[in-house]
Amino acid sequence: MRMLGVVVVIFIAAPLLIVVPMSFSSARSLQFPPPGYWLGYYQAYFTDLTWLRPTWNSIVIATATMVLTMVLVVPATFALVRHRFAGKSIADLMMLMPLAVPHIVMAVGYYSFLGEYRLVHTHIGVVLAHTCLSVPIAFLVLSANLKGFDRTLERAAQSLGASPIKTFIHVTLPILRPGLVISALFAFVQSFDETVVAIFISGRNAETLPRKMFDSIRQEADPVIAVISTLLFAAVLLALLAPAGWKGIRSRLRARTPPTAITTGR
Amino acid sequence: MGATIARLAQRPNLWPWLLLAPLALYLAIFFLVPLADVAIMSVTEPKLSLANYERVLTGTLYQRVFFNTFLTAGLVTLACLLVGYPLAYLMNHSSQRTAMLILLLVTMSFWTSFLVRTYAWMVLLGNNGPVIGLLRAVGFETTPQLLFTRFSSTLAMVHILAPYMIMNIYSVMRKIDPVLIRSAESLGARGFSLFRHIYLPLTAPGIANGCVLVFVICLGFYVTPVLLGSPREQMIAGLIGTQIEEFLAFGMGSAMAMILLAVTLAILAIYHRRFGLDKLWG
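Heads up: the sequence lines are chains A and B, in that order.
So the first sequence is numbered by this note's numbering: it starts at 989 and just counts up by one.
So the second sequence is numbered by this note's numbering: it starts at 3 and just counts up by one.
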């Protein structure tokens, strides 16, 4: 079984490694090993508006999605984790539903729904749709954090005379900050990577990066995609390694990595 | 107004409703209504009838696509299991440093966009790619067409979905008490017997989780089959896309979407009754 495991490691690693040399390739189409190396496609990416505009759209949409998701999810998570009330189990299930519905089904729904209100091909339309898809992920991360929260700390603060609001600001929020940050990050990434719904509703005006990449791969396999892939890859690596160097990662990886990409792409 | 809210909030059982209301309203409007739109379109486009469902369920083209989708999802799930189990085993049986490095690799893969990984497979399997190059170097005169076949899309989907399987299996395998294995070995269990009586039952929950997750995602997979697969062997999500984008056949597209949704929810409902849905992604 060990040998098989090693083969699998190569299988997992090969596609991730191949895009990096491809991005420096001077070939006009897919060719590996590359006939020569240059930085031309990096220059092409950073000067070409047909690539930069979708990148900017994706950043704007993902940021707005993140903010809207957090505004909605944070209070709801407190309600669902800390209170018992009739209909709670249904509410819990409802929070997860957007994760259970295939994105292609939602894409058909949004295409018609947003069309009725002339929101197809607008930034707002994409943000409204992406927020629904980000809710379950943000909720899962945040509720896991909130469940592990030691409430005696809040009671201690209140017994020492802090008002509920002061307790929330000075005790609850600081302790919950890592959970909030990760949950917001997941909402951002979910929107930034989301492809299927964006293909159907973002159109020319609000075209996101994944939509542009999808079209480009389908039509001509523009080598610029290798550049973007490398940049995204570097961003992922940085995000994984940055927090607190090697030690941070060790503890992070040891705690089970929460899922995100379940929805991303599909 | 503010005073009223404050007074209402005094009653403790209203708090959760106040906190939950904005999100509930949001999901009702921007999630349930679009979903209902699909259901309505499936029976009203172009006119009020069940004709769309009839065509989808009886037409040979659609039946073939459904069959193909299930077959692919089954194959991908099985392959992910065959790929994921040995890797989880390797991680569990190597030094902490090696295990950490493999986990970093799997996490990287997991976080890398589906599109990027699909593109990478295009490079790997392309006519000027390393796999064909290797085949030529070994002496094959006529090399097979790898790209845009069922093979390429299945392989890429296995690569993309394997991390779900690996993480699920590894998380339960890690918890197996080594003492249990040593005592089984001291009682003479070796090889397959050890696997059959110790590993398999103890990792079963992780296997179930991973399989359900991979199968369900694969059923509705759009991007990779469309980009890498053969146009003659579409999967259901791809066909829905074609109906909407090319033929503007919203009724047919919606009917197929509803069937896909029903199958997906049925599988998840069975899982939910047995394990609880929040465990699946948690």
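We put the CB at the ideal spot given by N, CA and C, even for glycine.
Enclosing alpha helix (DSSP H) for A/Trp-1039 [first to last residue]:
1037 to 1070
Would B/Phe-72 count as contacting chain A if we go by Cβ distances under 8 Å?
no
For A/Ser-1014, return the contacting residues in chain B, with the cut-off set at a CB-CB distance below 9 Å.
Near A/Ser-1014 there are no residues of chain B at all, since even the closest Cβ is about 13 Å away, more than 9 Å.
Considering only C-alpha positions, which residue in the set B/Met-254, B/Ile-219, B/Val-140 is nearest to B/Thr-71?
The residue with the shortest Cα to Cα distance from B/Thr-71 is B/Ile-219.
With a 10 Å radius around its C-beta and 16 neighbouring C-beta atoms as the bar for buried, classify A/His-1158 as buried or exposed.
By the neighbour-count rule (16 or more Cβ atoms within 10 Å), A/His-1158 is not buried but exposed.
In the structure shown, what three-state DSSP assignment does B/Tyr-224 receive?
coil
Just the chain A side, please: which residues come within less than 7 Å of B/Ile-104 by C-beta, in chain order?
At a beta-carbon threshold of 7 Å, the residues of chain A lying near B/Ile-104 are Val-997, ordered along the chain.
Identify the continuous alpha helix (DSSP H) that holds A/Ala-1227 and give its terminal residues.
Note, A/Ala-1227: alpha helix (DSSP H), 1212 to 1229.
What is the DSSP secondary structure of A/Tyr-1105, counted as helix, strand or coil?
coil
So, with DSSP's three-state summary, where would you put A/Ser-1013?
strand
In chain order, what residues of the same chain have a beta carbon less than 6 Å from the beta carbon of A/Ser-1046, not counting five sequence neighbours either side?
Phe-1180, Thr-1196, Leu-1197
If you pair each beta-carbon of the region 187 to 202 of chain B with each one of the region 28 to 35 of chain B, do three or more pairs fall below 8 Å?
In short, these stretches do not touch, since the Cβ pair count stays below three.
As an exercise, report each continuous alpha helix (DSSP H) stretch of at least 4 residues that is fully enclosed by the region 21 to 46 of chain B, in chain order.
Within the region 21 to 46 of chain B, the complete alpha helix (DSSP H) runs of at least 4 residues are 35 to 46.
Could you tell me whether any Cβ in chain B is nearer than 8 Å to the Cβ of A/Met-1262?
Residue 1262 of chain A lies beyond the stretch modelled for chain A, which goes from 989 to 1254, so this question has no answer here.
Cβ separation of A/Phe-1020 and B/Asn-130, assumed to be a contact under 8 Å, to the nearest whole Å:
7 Å
Over what stretch of residues does the alpha helix (DSSP H) that includes B/Leu-83 continue unbroken?
62 to 94
Could you name the residues of the region 120 to 132 of chain B whose beta carbon sits closer than 9 Å to any beta carbon of chain A, in the order they occur along the chain?
Thr-120, Tyr-121, Ala-122, Trp-123, Met-124, Val-125, Leu-126, Gly-128, Asn-129, Asn-130, Gly-131, Pro-132
Can you tell me where the alpha helix (DSSP H) holding A/His-1118 begins and where it ends?
Boundaries of the alpha helix (DSSP H) around A/His-1118: 1111 to 1135.
With a CB to CB cut of under 6 Å and the five nearest residues on each side skipped, what residues in its chain are close to A/Phe-1101?
none
Short of 6 Å in beta carbon distance, which residues of its chain neighbour A/Val-1115, apart from the five on each side in sequence? Order them along the chain.
Ile-1049, Ala-1052, Thr-1053
What are the residues of the region 1197 to 1208 of chain A that lie near chain B, defined by any Cβ-Cβ distance shorter than 7 Å?
Pro-1198, Met-1201, Phe-1202, Ile-1205, Arg-1206
What does the Cβ neighbour count give for A/Ala-1249, buried or exposed, with the cut at 16 atoms within 10 Å?
Low per-residue confidence applies at A/Ala-1249: pLDDT is 40, beneath 50, and the placement is therefore not dependable enough to give any value.
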